[in-house]
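Using this note's numbering, the letters of the sequence shown correspond one by one to residues 3 to 126. Below is one structure, written out as structure tokens; comments come after it.
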Amino acid sequence: MTAVPAGRRGSDEPTVRQVTEDLVLVEVAGRKVLAAAVCPHRGGRLKYGRVDGDRLRITCPLHHTTFDLTSGERTSGAACAALRVVDVLPEPSGQGQNGSGRIPGQTAAGGGVPTGQGPAGGAA
3 MTAVPAGRRG
13 SDEPTVRQVT
23 EDLVLVEVAG
33 RKVLAAAVCP
43 HRGGRLKYGR
53 VDGDRLRITC
63 PLHHTTFDLT
73 SGERTSGAAC
83 AALRVVDVLP
93 EPSGQGQNGS
103 GRIPGQTAAG
113 GGVPTGQGPA
123 GGAA
């Protein structure tokens, strides 16, 4: 499945929209995922990525590294850090803060680097 512009999509086709310089909104399979706009491998622009709506994954158009959209985990491709996933709505469990199961700004699997923090958890 390939992401298409919001104005031209079918009812169940995934879309990827740039919402800020740093974030994209991926809408797929009745879910909305707010994630980093660039691939952590080499900075590929994920708004041009391919979305697999069946497995909830996005593939970077630059070097084809694939990430799970619920956890941010790299599932294939070049070795790199996890993709920062800010929020997933709705979550299957529907529990936790803001209905997403995690606090905004925190990655799904606790991995990655939240905005404003360096790799050791200190200020960037």
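Every residue, glycine too, gets a C-beta built ideally from N, C-alpha and C.
request  = Just grab the DSSP bridge partners of E29 for me.
outcome  = By one-based count along the sequence shown, residue 29 stands at place 27. Its beta-bridge partners are T17, K34.
message = Counting C-beta neighbours from all protein chains within 10 Å, is the total for V21 16 or more, i.e. buried, or is it exposed?
response = Taking the sequence shown and counting its residues from 1, the one referred to as residue 21 is at position 19. V21 is exposed by the Cβ-count criterion.
ask   = DSSP state of L85, grouped into three classes?
value = Taking the first residue of the sequence shown as 1, we reach residue 85 at position 83. In the structure shown, L85 sits in coil (DSSP, three-state: anything other than H, G, I, E or B).
ask   = So, is G51 buried or exposed, given that buried needs 16 or more other C-beta atoms within 10 angstroms?
value = Within the sequence shown, residue 51 is the residue found at index 49, counting from 1. Answer is buried; the Cβ neighbour count reaches 16.
message = Applying the 10 Å Cβ sphere with the 16-neighbour rule, what's the burial state of S78?
response = Within the sequence shown, the letter at position 76 stands for residue 78. With fewer than 16 Cβ atoms within 10 Å of its Cβ, S78 is classed as exposed.
request  = Return the residue from the list R57, D56, R33, E23 that minimises the CA-CA distance to L48.
outcome  = Counted from its first residue, the sequence shown places residue 48 at position 46. Nearest option by C-alpha distance: E23.
query = Span of the beta strand (DSSP E) holding T61?
reply = One-based indexing of the sequence shown puts residue 61 at position 59. According to the DSSP assignment, T61 belongs to the beta strand (DSSP E) that extends over 59-61.
T63 versus V30, G46, V87, residue with shortest Cα-Cα distance = To locate residue 63, count along the sequence shown from 1; it is residue 61. The amino acid at residue 63 is misidentified as Thr; the sequence shows Pro. Ranked by how close their Cα comes to the Cα of P63, the residues V30, G46, V87 have G46 in first place.
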